[in-house]
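Engineer: This is the structure I want to talk about, given as structure tokens.
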């Protein structure tokens, strides 16, 4: 009995050890297969174009091209190839606009073999200086690439998402605070400006729109005409992808291979908005203080209270003068520089705030008219002096009478003194 139990225990231990060994081997096999699958280079035949086999590769899940047409075959069994970003704009464009790229050239005519062969040969010309122009499609693809922009090599964003506008009284425009493009070196961002009097200023110059492209490091601000209100928003711009030409270096006598690497960054989508000022108008009247009627002929002006800059000047008419596009909340000063004929100059300085004061009135007083002297009466022909309403003789007669009276008093006083 004991012997049977011992045998059974030994069998169970043996089975357990065997199961462990099988599990371990299976796990190692899985790991080996997984590692091999990740580093495996697949050499794929994509057809034939003009006598050339359209070979391409899959490495680490990426489609890659032979990029050395003057060297032997591409890699077959190597693992862990050395990877590097190859900083070359032509290589980047060939991969981006080539077969398997993001915007393939229409000249491939949807022919896979042609696309692979032509893309591979053009990459070789850019990478190692070979010349494959004799192959149909190569020269034409290069000419196409010369017309295309370099794909985004980096990501860019605006430093500020909101810009506030202030008023420039000297230029009479709205001006925002400064913004800047930040991000990877040489990265760009493109957006559209509205066509309602909004301009972008960079380095003191107006950047021609409506579509504007700025690169990392550019500083700029917006300006807008008086009367532009509400807000301007770029909307979501920028690119959430950047592209890199990747080269995998192989052992000697084998072709290096290259592919397009796509880097995604959803946070790279960027935007900014500009908050414009609000504007209003004011009605200004010049009136006679005696009858409250509009008074024409006065020379008037309105200045900005903060800067002293002239806003508007005019000569009053028989109707009120209206000034538009005054910044709401801003203080202005109304004054007169020349009074209408027959009126005193007003020295009053009337302050008003746009948006709060919609009507402003300044009054003038008429000048006092000097009294006209009466004309002397004319004597009748052949007659004596008229005595009717002519009173010019009264003063001389009275003066003579007073002098005579004083003389008599002096004479009488002397006689009395002699009698004594």
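Numbering (the working numbering), first residue to last: 105 to 524. For glycine and all other residues, C-beta sits at the position ideal for the given N, C-alpha and C.
Going by the CB atoms, is the gap between residue 195 and residue 230 shorter than 8 Å?
Structural biologist: Against a cut-off of 8 Å, the Cβ pair of residue 195 and residue 230 comes out as a contact.
Engineer: By how many angstroms is the C-alpha of residue 304 removed from the C-alpha of residue 218?
Structural biologist: 45 Å
Engineer: Considering residue 190, what are the terminal residues of the beta strand (DSSP E) in which it resides?
Structural biologist: Membership of residue 190 in any beta strand (DSSP E) is not indicated, and neither H nor E is assigned to it by DSSP.
Engineer: Any idea if residue 518 is buried or exposed, counting beta-carbon neighbours within 10 angstroms, 16 or more meaning buried?
Structural biologist: Counting Cβ neighbours within 10 Å, residue 518 comes out exposed, since fewer than 16 surround it.
Engineer: Per DSSP, what are the beta-bridge partners of residue 424 in this structure?
Structural biologist: Residue 424 pairs with nothing; no bridge assigned.
Engineer: Assuming residue 283 and residue 269 are in contact, meaning their beta carbons sit under 8 Å apart, how far apart are those beta carbons, in whole angstroms?
Structural biologist: At roughly 12 Å, the Cβ-Cβ gap does not stay under 8 Å, so residue 283 and residue 269 are not in contact.
Engineer: Could you check if residue 255 is buried or exposed, using at least 16 other CB atoms within 10 Å of its CB as the buried criterion?
Structural biologist: buried
Engineer: Can you name, in chain order, every residue of its own chain whose Cβ lies under 7 Å from the Cβ of residue 465, other than the five neighbours on each side?
Structural biologist: 389 and 391
Engineer: Assign residue 508 to one of three DSSP states: helix, strand, or coil.
Structural biologist: Residue 508 falls in the helix class under three-state DSSP.
Engineer: By the DSSP assignment, the beta strand (DSSP E) with residue 456 in it spans what residues?
Structural biologist: Membership of residue 456 in the beta strand (DSSP E) is indicated by the continuous run 454 to 457.
Engineer: Does the separation of the CB atoms of residue 386 and residue 330 fall below 8 Å?
Structural biologist: no
Engineer: Over what stretch of residues does the alpha helix (DSSP H) that includes residue 231 continue unbroken?
Structural biologist: 216 to 232
Engineer: Would you list the residues sitting across from residue 389 in a DSSP beta bridge?
Structural biologist: 465
Engineer: Assign residue 328 to one of two classes, buried (16 or more other C-beta atoms within 10 Å of its C-beta) or exposed (fewer than that).
Structural biologist: buried
Engineer: In this structure, how does DSSP classify residue 240 when only helix, strand and coil are distinguished?
Structural biologist: coil
Engineer: I need the DSSP call for residue 434, collapsed to helix, strand or coil.
Structural biologist: coil
Engineer: I'd like the span of the beta strand (DSSP E) that includes residue 325, first residue to last.
Structural biologist: Counting along the chain, the beta strand (DSSP E) containing residue 325 begins and ends at 323 to 329.
Engineer: Name the DSSP bridge partner or partners of residue 303?
Structural biologist: Partner(s): 327.
Engineer: Using only the alpha-carbon positions, how far apart do residue 563 and residue 405 sit?
Structural biologist: Past the boundaries of the shown model lies residue 563; the chain is included only from 105 to 524, so the question cannot be answered.
Engineer: With a 10 Å radius around its C-beta and 16 neighbouring C-beta atoms as the bar for buried, classify residue 577 as buried or exposed.
Structural biologist: Since the displayed the chain opens at 105 and closes at 524, residue 577 lies outside it and no answer follows.
Engineer: Can you tell me the Cα-Cα spacing of residue 345 and residue 153, whole angstroms?
Structural biologist: 32 Å
Engineer: Which residue's Cα is closest to the Cα of residue 273: 470, 438, 456 and 414?
Structural biologist: 414
Engineer: Determine the direct distance from the alpha carbon of residue 334 to that of residue 430, and round the result to whole angstroms.
Structural biologist: 15 Å
Engineer: Here's a check: name, in chain order, each residue in its chain whose Cβ is nearer than 6 Å to the Cβ of residue 432, leaving out the five neighbours to either side.
Structural biologist: 382, 384, 458 and 459
Engineer: In whole angstroms, give me the CA-to-CA distance for residue 148 and residue 192.
Structural biologist: 26 Å
Engineer: Just confirm the distance between the C-beta atoms of residue 259 and residue 233, as a whole number of angstroms; I'd bet it's less than 8 Å.
Structural biologist: Not a contact, Cβ separation roughly 31 Å.
Engineer: In this structure, does DSSP put residue 405 in helix, strand or coil?
Structural biologist: strand
Engineer: Once you ignore the five residues that flank residue 223 on each side, which residues in its own chain have a CB closer than 7 Å to its CB?
Structural biologist: 169, 198, 202 and 203
Engineer: Would you kindly work out how many angstroms separate the C-alpha atoms of residue 419 and residue 425, rounded to a whole number?
Structural biologist: 9 Å
Engineer: Going by C-alpha to C-alpha distance, which of 308, 332, 365 and 294 sits closest to residue 315?
Structural biologist: 294
Engineer: Measuring CA to CA, which of 434, 436 and 365 is closest to residue 349?
Structural biologist: 365
Engineer: Quick check on the DSSP output: the beta strand (DSSP E) that includes residue 166 runs from which residue to which?
Structural biologist: 166 to 170
Engineer: Taking the DSSP output, what are the residues bridged to residue 161?
Structural biologist: 147 and 168
Engineer: Return the CA-CA distance between residue 407 and residue 280, expressed in angstroms with no decimal places.
Structural biologist: 23 Å
Engineer: With a Cβ-Cβ cutoff of 8 Å, do residue 410 and residue 435 count as a contact?
Structural biologist: Taking 8 Å as the cut-off, the beta carbon of residue 410 is found closer than this to the beta carbon of residue 435.
Engineer: Grouping DSSP H, G and I as helix and E and B as strand, with all else coil, what is residue 205?
Structural biologist: coil
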